[in-house]
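The structure under discussion appears below in the form of structure tokens.
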Amino acid sequence: MSSQLLAGKRGVIFGALDDQSIAWQVAEVCAEMGATFTLTNAPVALRFGTLNELGEKLNAEIIPADATSVEDLENLFQRSEEILGGKLDFVLHAIGMSLNVRKGKSYTDIKHEWMLKTFDISAISFHKMCQVLYQGDHMAEWGSILGLSYIAAQRTFPDYSEMAESKALLESFARSFGYHFGEKNKVRVNTISQSPTMTTAGKGVKGFDEFFGYADKMSPLGNATARACGEYCASLFSDHTRYVTMQNLYHDGGFSNMGMNPKLVG
């Protein structure tokens, strides 16, 4: 039996689509550790994903919400409090999408209206989410808010395109809201910079398979799995990490601190 690390905790998990999603794994781990939560994704994603299966399996209610809509977010958090019976102890933002990447547009030939849409979905939605949580007083004291990021926020990965800037903006929002939430009611706000992970979204990036193998060889511990990321998120939702805030935390098997691994030199 798993440790009941999150017994009594209430939360909201954004972004689970199918069993390859990191958010799906986070939900399964949190349920095993005693948490109760609602699940949410955009209405369009619910039509082609398998989130209903997860909701039934974990007895978690699904509330459709467009994370770029303040009205949808207000409804989501109000309903979640009603369903769960109290304020929220944790929220996971696992959202990212780029039309330029999906449609194969190179970084030097980006459609800027698509770029703005990328920023709105992948980063500004985090600010909107935090603002609704803050203004609506939906977070319990010593709660935890997490966003999923990637090392491209700090280093250049050409095929990741403007998603790199999205993640940099996401991390900045987390630091800024970390201050305001900390002063308000001791809620911490962090981002996790995860290894390349075989998710539906990840596999849509050009050259992903090759890079996944490269990162796995470069990292002394190998790539962190989605399940391991779920376990790390759970630790950051728990009371054992109450004084960790405003951080971008690398969960990547050591990749972020490597210069060269002799295994990659032929």
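Numbering follows the numbering used here, in which position 200 of the sequence shown is assigned residue number 1678; successive positions increment by one, without gaps.
Glycine included, each C-beta is placed from N, C-alpha and C at the ideal position.
query	result
Decide yes or no for the touch test of the stretch 1704-1712 against the stretch 1635-1654: beta carbon pairs closer than 8 angstroms, at least 3 of them.	no
List the whole-angstrom C-beta distance separating T1675 from A1646, where the pair is believed to meet the contact cut-off of C-beta under 8 angstroms.	Contact doesn't hold; Cβ gap of about 19 angstroms is too wide.
Taking the straight line between their C-alpha atoms, what separation do you get for M1724 and D1550?	26 angstroms
Taking only three categories from DSSP, how would you classify V1522?	helix
Beta strand (DSSP E) containing E1619: first to last residue?	M1617 to S1627
Under three-state DSSP, which class holds F1568?	strand
Whole angstroms is fine: what's the gap from S1697's alpha carbon to N1726's?	18 angstroms
Would you kindly report the start and end of the unbroken alpha helix (DSSP H) that includes T1596?	H1590 to F1597
Just to confirm before moving on: does the CB-CB distance between H1658 and Y1612 stay below 8 angstroms?	yes
Just grab the DSSP bridge partners of V1667 for me.	I1623
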